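My numbering puts the sequence shown at residues 43 to 153.
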Amino acid sequence: MRYPCVVAGWACNTPVRVQLAGEINEDGEEVVTVLYDGLCNYTERSRVVLDEQGRKVLLQAQAYFPGDIAPELLDIAGEVVVEGGPTRRIYKSARPRNPDNTVNYTLLELM
């Protein structure tokens, strides 16, 4: 059975680049690995949440991607670069699943 994707392709119109938190090379510079370069549904909406230590964290945006953008990774950490806009750090990622255990969409909450 095929399940409908919650994030429709026609709603993804913001070009973004998802970069992983890189390793440090021998020169002391951070190596940037591009995980995804394409369109997403990008929404700027501010809200405050509490982290594990009880500190307040201001979340400023959310990025929705159809399907799984990183099936080989358990957790996505790094930053999202919006074309013509700001660069935001990834606070949390989520991958809601269908009843057949396939990933419906990927959600990145951004600081």
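Built from N, CA and C at the ideal position, the CB exists for glycine as well. Values in this document were obtained by computation on a predicted structure and should not be read as measured data.
Residue i, enclosing beta strand (DSSP E) - first and last residue
| i | result |
| --- | --- |
| G223 | Lying outside 43 to 153, the shown extent of the chain, residue 223 is not represented and no answer is given. |
| G51 | Where G51 is concerned, there is no enclosing beta strand (DSSP E), given that its DSSP letter is neither H nor E. |
| G120 | 120-124 |
| T129 | 129-136 |
| L150 | 147-152 |
Short Cβ contact (9 Å threshold) for residue i with residue j
| i | j | result |
| --- | --- | --- |
| L150 | I118 | yes |
| G120 | Q61 | yes |
| Y45 | D142 | yes |
| V58 | V122 | yes |
Straight-line Cα distance separating residue j from residue i
| i | j | result |
| --- | --- | --- |
| R89 | P128 | 17 Å |
| A63 | I132 | 10 Å |
| D101 | D93 | In the sequence under discussion, the amino acid at residue 101 is Leu, which differs from the Asp named in the question. Those two C-alpha atoms are separated by around 11 Å. |
| S135 | E114 | 14 Å |
| E86 | K98 | 18 Å |
| P138 | D69 | 39 Å |
| I66 | L152 | 23 Å |
| N55 | V124 | 11 Å |
| L116 | E71 | 25 Å |
| M43 | T75 | 35 Å |
Beta-carbon separation (whole angstroms), residue i vs residue j, contact threshold 8 Å
| i | j | result |
| --- | --- | --- |
| A53 | L77 | In fact, because the Cβ distance is near 21 Å, the residues do not count as touching under 8 Å. |
Handout entry: Given 8 Å, three or more beta-carbon pairs between the segment 72-90 and the segment 102-117
Key = yes
Exercise for the section: Pair every Cβ in the segment 129-149 with every Cβ in the segment 45-60, then say whether three or more of these pairs are closer than 8 Å. Expected result: yes
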